[in-house]
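Visitor: The working numbering numbers the first residue of the sequence shown as 9 and each following residue consecutively. What follows is a structure written as structure tokens; I'll ask about it next.
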Amino acid sequence: MSVALVGAGPGDPELITRRGLRLIQACQVLIYDRLVGPELVAEAPAGALLIDRDGSEQEEVNDLLVEYGLLGLRVVRLKGGDPFVFGRGGEEVLRLRAHGIEVEVVPGVSSFAAVPGAAGIPVTHRGLAQEATIVMGHGADLDFPRLAANPGTLVLFMGARSLPRIAEGLLAAGKHPDTPAAVVANGTRLDQEVVTSTLGEIAEAAAAVPTPALIVIGEVVSLAEAIGPAQPQYGSVVRQPA
Ligand SMILES: C[S@@+](CC[C@H](N)C(=O)[O-])C[C@H]1O[C@@H](n2cnc3c(N)ncnc32)[C@H](O)[C@@H]1O
């Protein structure tokens, strides 16, 4: 009985680990997230049971994992980015272990640094940012005074729709309106879109970007143009306010 929690990487199907890909190619059941590229789902053997978890509650996913895990099948739970970065991977492992099911966790390239990096933004850079903080931007009660006082890079997940509230909160807490800010959507994919602006204007500039999107706030964003996209094939739409 074993279930493998596999990180699929941030979007580009080439950014999965070799071990993760090998497990997919040998699985009997593949339970995958919406953010996982179809190219990776297509790597499962013909005849494998493919389950798209989109629309299912986390509790239902946990139940499915236990059900197929107890059947003794080779189950792969494929998750966007890294399973343990805003991925609820810990909850799934705990549930499986509670049922005596063996679990293997295969890390993935998290969007945390890969998505800003794909847009030419290093999350740390000597002289500009010596630390980076990852923040859940959606729904949570953000501690704006603490975040505004942070001298490093802020990387906000799941915050695109809340961007006006986030920018307003940081500005009200004293973050300078000229602080460079970016939104990177569909990072590491052919349809990648990047908006660079300032904290004061980013909400308006990025109002129309698609999701998934990551928000990056800090001086490192000013390097985006000089560094450029990490791969020439990544989408090159870069919008800047007039
Ligand atoms: C549920 S979290 C999963 C994060 C994932 N476990 C990781 O390590 O990257 C989903 C959020 O990650 C961010 N994200 C994931 N992939 C992305 C991509 N290719 N481009 C932009 N943002 C992405 C978005 O903020 C999205 O709403």
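Idealized CB from N, CA, C, for every residue including glycine. Only a predicted model underlies this, so the values are computations on that prediction, with no experimental measurement involved.
On a CA-only basis, which of Asn-158, Arg-169, Asp-199 and Ala-193 is nearest Ala-181? Give me that one, please.
Guide: Checking every option, the nearest Cα to that of Ala-181 belongs to Asn-158.
Visitor: How many Å lie between Ala-250 and Ser-118 at the Cα?
Guide: Confidence in Ala-250 is poor, its pLDDT being 49 and thus under 50, which makes the residue's placement too unreliable to answer from.
Visitor: At a cut-off of 7 Å, would you count Leu-43 as near ligand 1, judging by its Cβ distance to the nearest heavy atom?
Guide: Indeed, a heavy atom of ligand 1 lies less than 7 Å from the Cβ.
Visitor: Between the Cα of Ala-168 and those of Val-101, Ala-214 and Gln-239, spot the shortest distance and give me the residue it belongs to.
Guide: Of Val-101, Ala-214 and Gln-239, the residue nearest in Cα terms is Ala-214.
Visitor: Is Ile-142 near ligand 3 - that is, is its Cβ less than 7 Å away from at least one heavy atom of it?
Guide: Absent from the structure shown: ligand 3. Ligands present: ligand 1.
Visitor: Counting pairs of beta carbons, one from the stretch 113-131 and one from the stretch 15-24, are three or more of them closer than 8 Å?
Guide: Counting Cβ pairs under 8 Å, three or more are found: they touch.
Visitor: Using C-beta distances below 6 Å, list every residue in its chain close to Arg-42, excluding the 5 sequence neighbours before and after it, in chain order.
Guide: Once the five neighbours on either side are set aside, the close Cβ partners of Arg-42 are Asp-62.
Visitor: If the criterion is Cβ atoms closer than 8 Å, does the pair Val-203 and Val-224 meet it?
Guide: Not closer than 8 Å, so no.
Visitor: Could you pull out every unbroken beta strand (DSSP E) segment of at least 3 residues lying fully inside the stretch 167-229, listed in chain order?
Guide: The qualifying runs are 188-193, 201-206 and 221-225.
Visitor: Is it the case that the Cβ atoms of Leu-164 and Leu-207 are separated by a distance below 8 Å?
Guide: No. Outside cutoff.
Visitor: For Asp-60, which three-state DSSP category applies?
Guide: In the structure shown, Asp-60 sits in a strand (DSSP, three-state: E or B).
Visitor: Measure the alpha-carbon distance for Pro-124 versus Leu-222 and round it to whole angstroms.
Guide: Straight-line Cα distance between these residues: approximately 8 Å.
Visitor: What is the DSSP secondary structure of Ala-106, counted as helix, strand or coil?
Guide: In the structure shown, Ala-106 sits in a helix (DSSP, three-state: H, G or I).
Visitor: Can you tell me where the alpha helix (DSSP H) with Ile-32 in it begins and where it stops?
Guide: Counting along the chain, the alpha helix (DSSP H) containing Ile-32 begins and ends at 26-33.
Visitor: If I follow the unbroken beta strand (DSSP E) through Tyr-242, where does it start and stop?
Guide: Tyr-242 -> no beta strand (DSSP E), and no H or E assigned at all.
Visitor: Find the nearest neighbour of Val-44 within the set Asp-90, Arg-103 and Pro-153, judged by alpha-carbon distance.
Guide: Of the candidates Asp-90, Arg-103 and Pro-153, the one whose C-alpha sits nearest the C-alpha of Val-44 is Asp-90.
Visitor: Check each candidate in Ala-232, His-146 and Thr-161 and name the one with the smallest Cα separation from Ala-126.
Guide: The shortest C-alpha separation from Ala-126 is found at Ala-232.
Visitor: Can you tell me whether DSSP reads Ala-157 as helix, strand or coil?
Guide: Here Ala-157 sits in helix by DSSP.
Visitor: Pull the bridge partners of Leu-164 from the DSSP assignment, please.
Guide: DSSP lists Val-143 and Ile-223 as partners of Leu-164.
Visitor: Under the DSSP definition of a beta bridge, which residues are partnered with Arg-82?
Guide: Its beta-bridge partners are Ser-10.
Visitor: So, is the C-beta of Ala-215 closer than 8 Å to a C-beta in chain C?
Guide: Here chain C cannot be found, since the structure has a single protein chain.
Visitor: With DSSP collapsed to three states, give me the class of Val-111.
Guide: Strand.
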